[in-house]
Amino acid sequence: MIKTILLVLLIVSICHGDTVKTKRSINLSASYALIPDERLSKDISPNGYEIDLRPNIKDNSFSGHIKMNLSWGVPTRKISLHAHYDLQINDRSIKLSKQTWDNGDFKIESIPILRGDRLPKKTIFVVYLKDTLKECHHCELSMDFEGGIWKSNDGMFKGSYIAPDGMERFYLATFMRPNNARRLFPCLDEPGFKVPFNVSISRPRNYVTLFNTPLLRTEELRPNSEFVHDYFEITPSMSTFTFGFVTTQLEQFQMQNDVSKNYNKIPKINIWASKDLHHKLEEVHKKLVTIYNHLEEYFNSSLPLKKIDVIAIPGLSLMQPADNWGLIMFKERELLQPGYYHIAQELIYQWLGSWITPYWWDDAHVNKALASFLAANIVFEINNGREFNGKYPMTILYSLYYEFSKRYPHSRITGMKQETTSYKTELVMRMLNYTLGDNLFREGIRTFILKHQYGTFREYELWDILTKQAYLDNTLNLEYNISEIVKSWIIKDRLPVVDVKRDYVDKTALATQKVYLRERPHDVPERDKMLWWIPLVVVQENDINFSNTTPVKWLANTKTQILENLPGDDKFVIVNPEEIGPFPVNYDVKNWNLLSNFLQTSKGLSAIPTYTRAKLLHDAWNLAYAGDLNFASALNMTLFMKLERNHIVWNPVFTFIDHIGRHIDNSNIQEKFQNYVIHLLTPLYLEMNETTITDEAMFDLKSMAETFLCRAGYKPCVQEAREAFKLWMDSPNPDEQIMAPNKFICPIFKWGSMEEWQFGLHRVINFPKSRTQSERTYLLKNLAGCPVHSEKIAQLLNLTIIQGNSNFTENDIFLIFNMLSSGSCGYKALFNFLSDNWSFVRQRFETKTNLWDSMVGSATRMFTTEEGYQMVKKLYDQHKNEFGSALHIIEKSMRNIKEEVKWSDINLPVIEKWLTDYLATSE
């Protein structure tokens, strides 16, 4: 019988708002998005579980007994539960009893069971009653079950690690997300059902079991038994996916200098780890307490837990930490890594995810986005965001720009779509935090927690609370609501671009929004109908103030908006500074030139913050690449880089060089572009070469500058590479290791002699199996992807395809094809090889359509000129009936080349003229 205290806890949870409604607690990944809709009827709801678990770590099996306190108010003849196919339920043990009070007497009435049965192809187990039971406020359903311990991380699983004494140690752990509790015990396995758990678990004597709640007592199973049985305190109301335990031989870390009152507070934070790791854990413990204190202050609430156990498990194979309520499992290296962000994210899930839970998985992206956004805020509070090193939010934002500007975002990959939706939601939260004030989330989330603690929520409930808070703060027009704003961003797999065209006479500007499309052709259906709610934050040169992030106006689901009171024709404006919102901004040519000229002054670099300088550069070249901005304006925006020394601003430059360099790689301006790159990067590289660099970010900047200089043919770099490579060539045993630094491999294969390239080829052929194969892969990538002389590529293709050298596998050939498509020499050489050896290659790959398709695609899709189009069309015409599975590939290539030819015809003359003028005036 479920103890009376469970019912008391249930009443408490209802009084606290138990409403009836995730690179994590409820995380949004591919597997979560594809959860089958095996929803249970809401007519029956649980009030609490009493579970007895008896795992046998040696036999990889477990048995158990469960009592469920259930309620229903409609007549029923069946009770449906979740139970995995591999969970064996003892039908004879199933019992149902009705608990009633009659004149002060507590009575138990046994209800006859007809049978228990599984629904076909569903993880649902149905208990059929002999007679219809009208209603039951407190019925107890009990049964025995047993199953196997999993090797994969589903339900309860078994893992092992090598202890410091060299012995293998085993452990048991659980991973219940998203719907794996049904693998361990029958239950109503949906996040919306939140109830108390009363749990006991057996374990070997020399192990310890950690559960969601503290240990209450331990009893002997039998006299002289090697097992004991632990009884744990009853949990607060929680979802089945937050249930968790670990049975291990790890030891608890004890603070040596436990003098701070913070270390003795409730909940107490404990760390469990291998003994040899304990000397590293004091800083980790301080970090955990620091983060918890920040969160407690931010949320204005303490968790209703007595403890939080943090476990560092050696060799844990989970892709992400397991954040059960009150019990968080990390990989050792994850817990020890520097920084606060990842730990903050896991602790936030204790509030938002465990204490308060999305009602169903379709709201999980909001939970994950909110946890990530708040974790980033905490990091900025604690150390001013130093650990991000400028990568947040730029890394996420730039990847979203690229993905959502494609003709077919995500390539229809569900998991990627769900992840990007979560990231986009996080960036929209950041936008709202800037534009509506940081009080919005602080006070709004406090209200949210107070209303939904112990309960669940739907997405709209979060937005409604934030809207009311924005009204209270007087930061949002009463005609607007946050739900409508957020919806405009989340439901579309696109992002907008805002075009700002100034009228310098009237001192106004017309701001227009449209879909941001970078990948040609721009033929997205209904693109003209897509609208967003976009805040327009404006900075003016005559009053430079980047601290005021209040929008002057909103593009409130409208196409255009007039911006007024702008400066004269000698002053610039910046819209969306600091990447406040996830959208690029385009300007008229005059405003771009004003920005370029201002940034080329020392005042400009100090007046415009780092993120905004990076944004202006990134927006300019992406818009030019997309065909929305003249390339002369985009290239003018790189002129200030001669003064720029911040790695955050340089990062978009390297991407720009790579993307544009690939596009013009097959044109007659390639050499001019390489000279431009050398002019651009040499001052930075020489300056950094003369100073001692200790900062990791600046070291990475120097390395990137050197890499791109080498690729552009910078003579000192090429000479240094050849000298280093010669030491390897002259070594008596060159196959023992790669003796040339990785940064020099590509320049040697690109600019070096045929002899040097062939030396690398022989190293790949003779590569010892005893060595790390990733080193061989690195060599092969550079052998195929770097050369600028077609003779090298021809030799590689003859060796691997015509001769069929046994040292090269099919995966190697795939890799070669892929790398050849990265440069004009590669894909042109591959195309010529395919044309010259058509019959042989077609026969060779007749039964290997994957290789054939890969070859045709790599050989045809990268051409960008009319000459290239005619080459591909000629091949198509000659062998139209012979392409087989690759027919649609070459036809797609021809369509895309036509688009690229249009781009080249428009932009290459502009780029060439700009490069010619720039090089003529440069020192």
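First residue of the sequence shown? That's 0 in numbering that gives the first Met the number 0, and the numbers climb one at a time after it.
All C-beta atoms in this analysis are idealised placements derived from N, C-alpha and C, irrespective of residue type, glycine included.
(message) Please state the DSSP three-state secondary structure of residue 195.
(response) The answer is coil: DSSP assigns residue 195 none of H, G, I, E or B.
(message) Checking 8 angstroms against the spacing of the C-beta atoms, do residue 617 and residue 921 come in under that value?
(response) No. Outside cutoff.
(message) What does the alpha-carbon distance come out to for the pair residue 696 and residue 377?
(response) 22 angstroms
(request) Would you give the residue range spanned by the beta strand (DSSP E) that residue 54 belongs to? (result) 43-55
(request) Pull up the DSSP beta-bridge partners for residue 497, would you. (result) 512, 584
(request) Go ahead and pull the three-state DSSP assignment for residue 851. (result) helix
(request) For residue 561, write down the residues that DSSP places opposite it in a beta bridge. (result) 509
(message) With a threshold of 8 angstroms, are at least 3 pairs of Cβ atoms found where one atom belongs to the region 860-878 and the other to the region 891-903?
(response) yes
(message) Measuring only the C-alpha atoms, how far is residue 799 from residue 752?
(response) Taking the straight line joining both Cα atoms gives about 21 angstroms.
(message) The beta strand (DSSP E) that contains residue 78, what's its start and end?
(response) 75-81
(message) By alpha-carbon positions, which one of 289, 644, 614 ends up nearest to residue 690?
(response) 644
(request) State the Cα-Cα distance for the pair residue 907 and residue 577, rounded to the nearest angstrom. (result) 31 angstroms
(request) Using alpha carbons as the reference points, say which of 301, 489, 283 lies closest to residue 336. (result) 283
(message) So the candidates are 364, 389, 252; which of them puts its Cα closest to the Cα of residue 924?
(response) Beyond the ends of the chain as shown, which are 0 and 922, falls residue 924; an answer cannot be given.
(request) Measure the C-alpha to C-alpha separation of residue 584 and residue 405 and round it to an integer number of angstroms. (result) 18 angstroms
(message) Within 10 Å of its beta-carbon, does residue 649 have 16 or more other beta-carbons around it, so buried, or fewer, so exposed?
(response) Burial check for residue 649: the Cβ neighbour count within 10 Å reaches 16 or more, so the residue is buried.
(message) Run through the DSSP bridge pairs and tell me what residue 311 is partnered with.
(response) 329
(message) Just to confirm, is the Cβ distance from residue 538 to residue 579 under 8 angstroms?
(response) no
(message) Rounding to the nearest angstrom, what Cα-Cα distance links residue 917 and residue 675 in this structure?
(response) Between residue 917 and residue 675, the alpha-carbon positions lie close to 8 angstroms from each other.
(message) Assuming residue 662 and residue 863 are in contact, meaning their beta carbons sit under 8 angstroms apart, how far apart are those beta carbons, in whole angstroms?
(response) 6 angstroms
(request) Within its chain, find whatever has a CB closer than 8 angstroms to the CB of residue 682; leave out the 5 residues flanking it on each side and keep chain order. (result) Within the same chain, Cβ atoms closer than 8 angstroms to the Cβ of residue 682 are found at 641, the five residues on either side in sequence being excluded.
(request) Flag residue 831 as yes if its beta-carbon sits less than 8 angstroms from any beta-carbon of chain D, otherwise no. (result) As a matter of chain content, chain D is missing from the structure shown, which is built from one protein chain.
(message) For a quick check, are the C-beta atoms of residue 773 and residue 813 less than 8 angstroms apart?
(response) 8 angstroms or more divides the Cβ of residue 773 from the Cβ of residue 813.
(message) If you reduce the DSSP assignment to three classes, tell me which class residue 531 lands in.
(response) coil
(message) Within 8 angstroms, do at least three Cβ pairs link the region 494-513 to the region 385-393?
(response) Because the criterion of three Cβ pairs below 8 angstroms is not met, the region 385-393 and the region 494-513 do not touch.
(request) In the DSSP assignment, find the unbroken beta strand (DSSP E) run with residue 227 in it and report its ends. (result) 226-231
(request) Work out the CA separation of residue 738 and residue 771 for me, nearest whole Å. (result) 14 angstroms
(request) Mark residue 735 as exposed unless 16 or more other C-beta atoms lie within 10 angstroms of its C-beta, in which case mark it buried. (result) exposed
(request) Drop a sphere of 10 angstroms on the beta-carbon of residue 247, count the other beta-carbons inside from all chains shown, and report buried for 16 or more, exposed for fewer. (result) buried
(message) Using the three-state DSSP reduction, which class does residue 896 fall into: helix, strand or coil?
(response) In the structure shown, the three-state DSSP call for residue 896 is helix.
(request) Inspect the CB distances between the region 93-104 and the region 118-137 and report whether three or more fall short of 8 angstroms. (result) Yes, the region 93-104 touches the region 118-137.
(request) Quick one: which unbroken alpha helix (DSSP H) runs of 4-plus residues sit fully inside the region 770-794? Chain order, please. (result) The region 770-794 contains these whole alpha helix (DSSP H) runs: 772-784.
(message) With H, G and I counted as helix, E and B as strand and the rest as coil, what does DSSP make of residue 105?
(response) strand
(message) According to DSSP, simplified to helix, strand and coil, what is residue 676?
(response) helix
(message) Buried or exposed, going by whether 16 or more other CB atoms sit within 10 Å of the CB of residue 117?
(response) exposed
(request) Would you mind working out which of 777, 687, 713, 590 sits nearest residue 740, comparing C-alpha positions? (result) 777
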